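Q: Let me give you the structure first, and then I'll get to my questions.
Take a look at the structure:
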């Protein structure tokens, strides 16, 4: 047994950061700990009654069809196409592919475009799931920096595109970046779409947070500037509606749909038709806008509370992003501090965050931390940030 | 664009059979066509009201917790461990890993154990999803024959195990094989578990149909004979409860759980907590046994109808498996006939099946077809088999 499992346990196919992180976050089940380490939308705002109504409506109307195998649910694809339209993206239902959320979209696209050794471009600091589908697939990863105010460095992207061999994929988080909280500058978006088209590099736009803007002017997704079908948009109901639905979508050229479908089927066949129908019903009943308005209001107030608390306790000792949406604030401590090392003192003081080092491909952001404001009460935010500040001062 | 997508479209990472098949089955949406091509449990027996009750109970009791992200649902793991116990498999809740169904379990295990070029053993005639996670992963596939009465040829398995380099994986469908309808002989099961242990080859037991036995004596899964943790059991609620739930599980050694969890997270994070909780509630309310009894009765009656119709119309012209459960009968026509070529005449006569060639790694079973009985009314079965027989006689 030893030899077989040793092989499996040592395979480098996937980064292990998340399981290390999981170990770390195991501490946070202590109910006395204020967790700023999550990434969930406000629990109080989940559309519990709306989804219950829609689930029951679907079971009554569709009967056993809501429980069998079924292909992609056409009415949901149509509703999503409308949603994209409302954000400035022209797309047909046939260009929408339903997934179990953006991680699955990333998996499918990395299998479509990347082989081991193929070059891919990602941000130096980015969501661990993006690292997993590129580094984890054995890609030769080129990283580009991200500014806390203007987002990804587009000059660096262009430079990475010009290097031979040409990259096979670029993956960006457009709005309210995980973990940085920043959005790509409006003027950079068109240029990114043009660069992808010029250099024939598929650009994956990972956008789970875009509809969660609570301040500032809306910016169209990069996909809105894509005339040549080189931008692959990933949208998710996880933050907009509920993570427990496990539902998202991809916008991709129709010519790739048979291949995408085959890849998807080889992974897990399809998404729950019951959940697809319930979400189509939710959108069809016009429930989304009211729900998003309430969610944005709550998230916006909590973000403001967090920014005020950071100013109160950490001015001079750290700097941080000022998100206009999403669920995260990124805090950079003075150089030399290590948020992973400080984590034990934080736990001792009953507060938790995610150490910044986990998000950096080359480990450059060990002096940073990601804080969540969306699913924490204002009192807990104030107290939590005060405790974090104490840890930082003593660090 | 052309070059980039050409690469993606030509990538050999996944077999394309399914999309060819999909094209073929497109014909079957014609409501006048009797489709024996499906693989669904009886629609009339889906536990619509039971699941509705459980979904509502969970939303009332658990509130927003039923809609957030959540780890594997512990009560469901416990219920599944009891279910395994009832089938003769001793396992703890910690050895149960929730998946989105057996295709996802296959994907995870193939990523855990197989690299491109690594040897794997599968049946020469087997479920296309098993071909996708082995051939599609670039494995060096060794195939073993399967007998229509006694199941997989265990001598051939042993021979494949003895060849160097040692295989990294064996994948078998234990009960009511897809597409063959046969179950592995009782006496072969212990021997297979022993061979896997002796040769240190992980044995993946794909068993979505095991609980759907409507005749004959129950046989314990191979996993029941596994003393050394070398058998990985895959179970599914797709046929037992409802395909639209997209829920299944894996039984694996606890030491591999962190690695399995990381792999799963890299693919699509987790399964819907709402669905996990609803199924745990369904099992907890003791609803499973009554549901399975009704399902078995319906499937058994439909299978009997199909076997009688085959005897009436095809005696002398074909031979077929005699399943004691599951959802499929396998029909072998006289050598020289090609069921793929006959498909167009079948469609002209308003009947559909799945041509056998799709299930054979080396294309050896083009003179066979897979017929579904579970989700077809008795009248449609009689008429459908009569039409198939006509096609075969004229072929």
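Chains as they are written, first to last, in this note's numbering: chain A, 98 to 492; chain B, 98 to 492.
Cβ coordinates follow ideal geometry from the N, Cα and C atoms, glycine included.
Here the structure is a predicted model, which means the values were calculated and not measured.
#1: Below 8 Å between beta carbons is the criterion; list the residues of the stretch 446-471 of chain B that meet it against any residue of chain A, in chain order.
#2: If I measure Cβ to Cβ from residue 227 of chain A and keep anything under 6 Å in the same chain, skipping five residues before and after, which residues do I get?
#3: Looking at the unbroken beta strand (DSSP E) that takes in residue 240 of chain A, where does it start and where does it end?
#4: Is the shortest distance between the beta-carbon of residue 323 of chain A and the beta-carbons of chain B less than 7 Å?
#5: Report, in whole angstroms, the separation of the C-beta atoms of residue 166 of chain B and residue 137 of chain A, which I expect to be a contact under 8 Å.
#6: Determine the DSSP secondary structure at residue 327 of chain B, reduced to helix, strand or coil.
#7: Taking the straight line between their C-alpha atoms, what separation do you get for residue 487 of chain B and residue 401 of chain B?
#8: Measure the alpha-carbon distance for residue 384 of chain B versus residue 147 of chain B and round it to whole angstroms.
#9: Using a beta-carbon distance below 7 Å, is residue 343 of chain B in contact with chain A?
#10: Taking only the alpha-carbon atoms, compute the straight-line gap between residue 157 of chain A and residue 375 of chain A and give it to the nearest angstrom.
#11: With distance defined between alpha-carbon atoms, name the residue in B:254, B:372, B:144, B:398 nearest to residue 312 of chain B.
#12: Closest to residue 461 of chain B by C-alpha separation, out of B:469, B:468, B:452, would be which residue?
#13: Please look up how many angstroms separate the CB atoms of residue 377 of chain A and residue 173 of chain A, rounded, as I've assumed it's under 8 Å.
#14: Under 7 Å between C-beta atoms, does residue 483 of chain B make it to chain A?
#15: Among B:207, B:480, B:352, which has the Cα closest to the Cα of residue 303 of chain B?
#16: Against chain A, with Cβ distances strictly below 7 Å, would residue 214 of chain B count as a contact?
#17: Contact between the stretch 423-438 of chain A and the stretch 183-198 of chain A is defined here as three or more beta-carbon pairs at a separation below 8 Å; is this criterion met?
#18: Using beta-carbon positions only, say whether residue 195 of chain B and residue 346 of chain B come within less than 7 Å of one another.
#19: Just mark residue 183 of chain B as buried or exposed, buried being the case when its beta carbon has 16 or more other beta carbons within 10 Å.
#20: To the nearest angstrom, how far is the alpha carbon of residue 379 of chain B from that of residue 151 of chain B?
#21: Which chain B residues sit within Cβ distance under 8 Å of residue 143 of chain A?
#22: Counting pairs of Cβ atoms below 8 Å between the stretch 242-249 of chain A and the stretch 198-207 of chain A, do you hit three or more?
#23: Since residue 492 of chain B and residue 434 of chain B should fall inside the 8 Å C-beta cutoff, what is the C-beta to C-beta distance between them, to a whole number of angstroms?
#24: If you scan the stretch 203-269 of chain B from start to end, which runs of the beta strand (DSSP E) of 3 or more residues do you find wholly inside it?
#25: With 16 as the cutoff for other CB atoms within 10 Å, does residue 200 of chain A come out buried or exposed?
#26: Less than 7 Å between CB atoms is the rule here; does residue 413 of chain A satisfy it with respect to chain B?
#27: Could you list which residues in chain B have their beta carbon closer than 9 Å to that of residue 370 of chain A, in chain order?
#28: Residue 390 of chain A: buried (16+ other C-beta within 10 angstroms of its C-beta) or exposed?
#29: In this structure, does DSSP put residue 409 of chain B in helix, strand or coil?
#30: Is residue 111 of chain B close to chain A, meaning its C-beta is less than 7 Å from at least one C-beta of that chain?
#31: To the nearest angstrom, how far is it from the Cα of residue 223 of chain B to the Cα of residue 248 of chain B?
#32: Which of the three DSSP states, helix, strand or coil, is assigned to residue 452 of chain A?
#33: Could you tell me which whole alpha helix (DSSP H) segments of length 4 or greater appear in the stretch 370-395 of chain A?
#34: Just to confirm the assignment, what range does the beta strand (DSSP E) spanning residue 195 of chain A have?
#35: Any C-beta of chain B sitting closer than 7 Å to the C-beta of residue 174 of chain A?
#36: I want to know whether the stretch 254-262 of chain A touches the stretch 322-338 of chain A - three or more CB-CB distances under 8 Å.
A: Let me lay it out:
#1: From the stretch 446-471 of chain B, no residue has a Cβ closer than 8 Å to chain A.
#2: Closer than 6 Å at the Cβ level, and outside the excluded window around residue 227 of chain A, lie 219, 268.
#3: First-last of the beta strand (DSSP E) with residue 240 of chain A: 237-241.
#4: With its beta carbon at least 7 Å from every one in chain B, residue 323 of chain A lies outside the interface.
#5: That belief holds up - the Cβ atoms of residue 166 of chain B and residue 137 of chain A are roughly 6 Å apart, short of 8 Å.
#6: Correct three-state label for residue 327 of chain B: coil.
#7: The alpha-carbon atoms of residue 487 of chain B and residue 401 of chain B are separated by roughly 20 Å.
#8: When rounded, the distance between both Cα atoms is 8 Å.
#9: Interface flag for residue 343 of chain B against chain A is set, since a Cβ pair is found closer than 7 Å.
#10: Computed Cα separation, rounded: 11 Å.
#11: Closest by alpha carbon: B:398.
#12: Relative to residue 461 of chain B, the option among B:469, B:468, B:452 whose CA is nearest is B:452.
#13: Between residue 173 of chain A and residue 377 of chain A the Cβ distance is about 4 Å, and since that is below 8 Å, they are a contact.
#14: No, no contact with chain A.
#15: Comparing Cα-Cα distances from residue 303 of chain B to each of B:207, B:480, B:352, the minimum goes to B:207.
#16: Using beta-carbon distances, residue 214 of chain B does not count as an interface residue toward chain A, since no partner is under 7 Å.
#17: The stretch 423-438 of chain A makes no contact with the stretch 183-198 of chain A: fewer than 3 CB pairs, one atom from each, lie closer than 8 Å.
#18: Cβ atoms of residue 195 of chain B and residue 346 of chain B: closer than 7 Å.
#19: Exposed.
#20: Taking the straight line from one Cα to the other gives about 6 Å.
#21: The answer, in chain order, is 161, 164, 165.
#22: Because the criterion of three Cβ pairs below 8 Å is not met, the stretch 242-249 of chain A and the stretch 198-207 of chain A do not touch.
#23: Right, their Cβ atoms sit about 5 Å apart.
#24: Within the stretch 203-269 of chain B, the beta strand (DSSP E) runs of at least 3 residues that lie entirely inside it are, in chain order, 216-220, 237-241.
#25: Counting of Cβ neighbours within 10 angstroms places residue 200 of chain A among the buried residues, the total reaching 16 or more.
#26: No, because no Cβ of chain B sits closer than 7 Å to the Cβ of residue 413 of chain A.
#27: Think of a sphere of 9 Å around the beta carbon of residue 370 of chain A: the chain B residues whose beta carbon falls inside it are 340, 341, 343, in chain order.
#28: The residue is exposed, with fewer than 16 neighbouring Cβ atoms inside 10 Å.
#29: Secondary structure of residue 409 of chain B (DSSP, three-state): helix.
#30: Low local confidence applies: a pLDDT of 36 at residue 111 of chain B is under 50, so the model's placement there is unreliable, with the coordinate-based value given in what follows. Yes, because at least one Cβ of chain A sits closer than 7 Å to the Cβ of residue 111 of chain B.
#31: Cα to Cα, residue 223 of chain B sits roughly 12 Å from residue 248 of chain B.
#32: Correct three-state label for residue 452 of chain A: strand.
#33: The qualifying runs are 370-381.
#34: Note, residue 195 of chain A: beta strand (DSSP E), 193-196.
#35: With a threshold of 7 Å between beta carbons, residue 174 of chain A makes no contact with chain B.
#36: Segments in contact, no.
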